[in-house]
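The listed protein sequences derive, respectively, from chains A and B. Here the first sequence stands for residues 6 to 221, where the numbers follow the working numbering. Here the second sequence stands for residues 6 to 221, where the numbers follow the working numbering.
Number of protein chains: 2
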Amino acid sequence: MPYRRTENVVRRLAARHAAIIAAARAAASEGGMAAVQIVPVARRAGIAAGTVYRYFPGKTDLVAALLEGIAHDEMAALRRAASVAPGPLSALAAAIMTFAARALRERRLTYAAIAEPIDAELDAVRLSFRRALAAEFSVRIAAAAAGSHLLEQDTALSGTALLGLLIEALVGPLAPDAAGRERETVQSLTLIALRGLGVADARARGLVVQTTLPAA
Amino acid sequence: MPYRRTENVVRRLAARHAAIIAAARAAASEGGMAAVQIVPVARRAGIAAGTVYRYFPGKTDLVAALLEGIAHDEMAALRRAASVAPGPLSALAAAIMTFAARALRERRLTYAAIAEPIDAELDAVRLSFRRALAAEFSVRIAAAAAGSHLLEQDTALSGTALLGLLIEALVGPLAPDAAGRERETVQSLTLIALRGLGVADARARGLVVQTTLPAA
DNA sequence: ACATTTGCTGAACCATGGTTCAGTTATTGG
DNA sequence: CCAATAACTGAACCATGGTTCAGCAAATGT
């Protein structure tokens with residue numbers, strides 16, 4: 006009985022799986038979630054529409070994989086940035102600025118992944134990304150507050166508010182065009198955010214200037 | 006030549022026009038924009054699907070009318086609240102708190118009207134609502150800054166950020182449930198917002214406590 | 001009551017986009 | 001090269017939901 010799925014084939018299959026997700030990501034990056042359609046994505050990946058269904062049970066699963074990938078990368082970048090900071094308040098600033106800088110670099114994709122509703126099933130996945138981001142902020146706010154670096158507060162509420170502030174001003178449909186002024190925009194928003202959470206203006210300015218952003 | 010469209014008929018037509026929009030509004034309020042579908046809306050309004058097309062050229066126009074109505078009400082409420090305030094900073098606080106309180110009262114509808122994408126054509130209308138809200142905040146921020154009540158800043162950016170903060174923390178999908186704590190939630194967020202814009206903590210607390218919200 | 005015009009009905013129609021599947025091609029061990 | 005199995009193709013299929021329209025009902029002035 007011939008055809009033993011060989012190593013070579015396994016590699017090609019894995020590459021295709023990745024290629025499909027990459028194609029979906031590119032589509033979302035260009036045209037938002039509405040552009041993530043089976044036939045165009047398949048064409049972009051260089052395969053037929055039907056073939057997509059050999060890799061994903063349905064569109065929902067494909068988009069879920071896409072969102073999970075983005076969420077994974079984003080959370081990792083946030084944690085990495087925060088982990089090298091000298092203290093909890095600095096870590097909070099680093100997380101905020103890293104998110105902001107990355108969002109600005111991939112406006113459309115970030116908006117698609119975080120804010121654009123799709124269907125009921127996928128909302129759960131998108132929501133969990135959003136929740137992870139807000140939770141990350143909430144935890145860092147709580148840590149900083151515990152060290153008396155900022156005011157006591159409802160950290161769930163402020164984490165959520167912080168996320169909304171950043172999304173709307175950076176990647177939302179009426180976010181001002183920041184081309185050429187990315188650094189300044191990120192700093193202004195971080196300043197607003199830190200002050201809002203209870204950091205004195207002077208101190209906040211210091212943090213914003215000190216924090217360096219990762220290149221990628 | 007009989008049938009001269011009489012006053013009586015005109016009244017019924019106007020009533021129906023309003024009933025259709027009201028039905029659409031109720032649908033959006035219950036199930037978000039996805040629930041605003043011609044057949045269900047028509048049924049809710051007590052008419053046949055086809056009849057909707059005697060009042061609106063297409064679904065787009067119906068939803069546009071719905072959004073414009075909501076936007077009109079909302080902007081009027083904001084301006085009314087701000088107009089009775091004693092000074093520009095107080096007016097800003099009043100606008101923020103009024104928006105927050107009203108949004109909390111109609112969470113789903115507010116989310117649907119402000120944040121839920123629909124189709125490309127309608128996005129323009131939804132965007133103009135969003136832009137009007139952000140602009141209202143921006144103008145009040147600028148007025149307060151001009152009177153040296155808060156720091157100089159990019160008012161377009163902070164107005165947008167403020168709107169995002171409020172939306173996300175109040176009506177977004179991961180806004181914490183505020184049932185029974187509406188007043189406290191509104192106050193906490195207003196505090197964060199005012200501090201973020203550069204009002205000292207003590208002063209901001211004073212404003213938040215002083216500002217009274219309209220009953221409706 | 002009647003002619004005339006408008007308004008209403010709702011099932012049929014259509015466009016969009018996800019999903020299926022019979023037919024074809026590719027890969028492997030012997 | 002051949003048998004066997006998996007992978008791929010793409011046009012047909014289907015579900016959803018907006019839109020149309022032929023037939024019917026209601027309103028009006030004489």
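The beta carbon of each residue, even a glycine, is placed where N, CA and C say it ideally should be.
Next item on the list: Return helix, strand or coil for B:Arg3, following the three-state DSSP convention.
Entry: This structure cannot settle anything about residue 3 of chain B, because the visible part of chain B is limited to 6 through 221.
Margin query: Against A:Gly169, what residues of chain B qualify as contacts under a CB-to-CB distance less than 8 angstroms, listed in chain order?
Written below: Gly169, Leu170, Leu171, Ile172, Glu173, Ala174, Gly177
Note to self: Considering only the alpha carbon of each residue, which of A:Ala54, A:Leu127, A:Glu35, A:Ala50 lies closest to A:Val44?
What the structure shows: Out of A:Ala54, A:Leu127, A:Glu35, A:Ala50, A:Ala54 has the C-alpha closest to the C-alpha of A:Val44.
Next item on the list: Answer with yes or no whether the minimum CB distance from B:Ile25 to chain A is below 8 angstroms.
Entry: It does not: the Cβ of B:Ile25 has no partner Cβ on chain A nearer than 8 angstroms.
Notebook entry, point to check: Residues in the segment 112 to 125 of chain A with C-beta within 7 angstroms of chain B's C-beta atoms, listed in sequence order?
Noted result: Glu121, Pro122
Check: Are B:Leu71 and B:Ala39 close, meaning C-beta to C-beta below 8 angstroms?
Finding: no
Next item on the list: State yes or no: is the C-beta of B:Val204 within less than 8 angstroms of the C-beta of B:Leu162?
Entry: With respect to B:Leu162, B:Val204 sits apart: the two C-beta atoms are not nearer than 8 angstroms.
Check: Which residue from A:Thr103, A:Ala108, A:His77 puts its Cα closest to that of A:Ser88?
Finding: A:Thr103
Notebook entry, point to check: With B:Arg145 and B:Pro93 assumed to form a contact (beta carbons below 8 angstroms), what rounded beta-carbon distance in angstroms separates them?
Noted result: 7 angstroms
Next item on the list: Would you identify the three-state DSSP class for B:Glu239, choosing helix, strand or coil?
Entry: Summary: the structure shown does not reach residue 239 of chain B, with chain B confined to residues 6 through 221, and so no result is reported for it.
Notebook entry, point to check: Within 10 angstroms of its Cβ, does A:Leu109 collect 16 or more other Cβ (buried), or is it exposed?
Noted result: buried
Check: Cβ of A:Leu71 less than 8 angstroms from any chain B Cβ?
Finding: no
Item checked: Through-space distance from A:Arg84 to A:Ser101, alpha-carbon basis -> Note that residue 101 of chain A is Ile in the sequence shown here, rather than Ser. If I take the Cα positions, the gap works out to 11 angstroms.
Notebook entry, point to check: With C-beta atoms as the reference, is B:Arg112 less than 8 angstroms away from B:Val191?
Noted result: For B:Arg112 and B:Val191, no; Cβs fall outside 8 angstroms.
Notebook entry, point to check: Taking just the CA atoms, how far does B:Lys64 sit from A:Asp128?
Noted result: Taking the CA atoms as reference points, A:Asp128 sits about 24 angstroms from B:Lys64.
Check: Run through DSSP, which three-state label would B:Gln215 get?
Finding: Residue state, collapsed to three classes: helix.
Item checked: is_contact[B:Leu97, chain A] using C-beta, thresh 8 angstroms -> So no, B:Leu97 is outside the interface.
Check: Can you check whether the CB of B:Ile26 is closer than 8 angstroms to the CB of B:Val57?
Finding: no
Margin query: 8 angstroms is my cut-off, CB to CB: does B:Ala53 come that close to chain A?
Written below: no
Item checked: Span of the alpha helix (DSSP H) around B:Pro45 -> 43 to 50
Notebook entry, point to check: Is A:Leu170 near A:Phe142, with beta carbons less than 8 angstroms apart?
Noted result: no
Margin query: Can you tell me whether B:Glu79 is buried or exposed? The criterion is at least 16 other CB atoms within 10 Å of its CB, across all chains shown.
Written below: buried
Check: Is any beta-carbon of chain A found at less than 8 angstroms from that of B:Ala188?
Finding: The question names Ala, but residue 188 of chain B is Arg in the sequence shown. Between B:Arg188 and chain A, the shortest Cβ-Cβ separation is not below 8 angstroms.
Check: What's the gap between the Cα of A:Leu202 and the Cα of A:Glu35?
Finding: 35 angstroms
Item checked: Own chain, CB closer than 7 angstroms to B:Arg200, minus 5 neighbours either side, in chain order -> Asp206, Ala209
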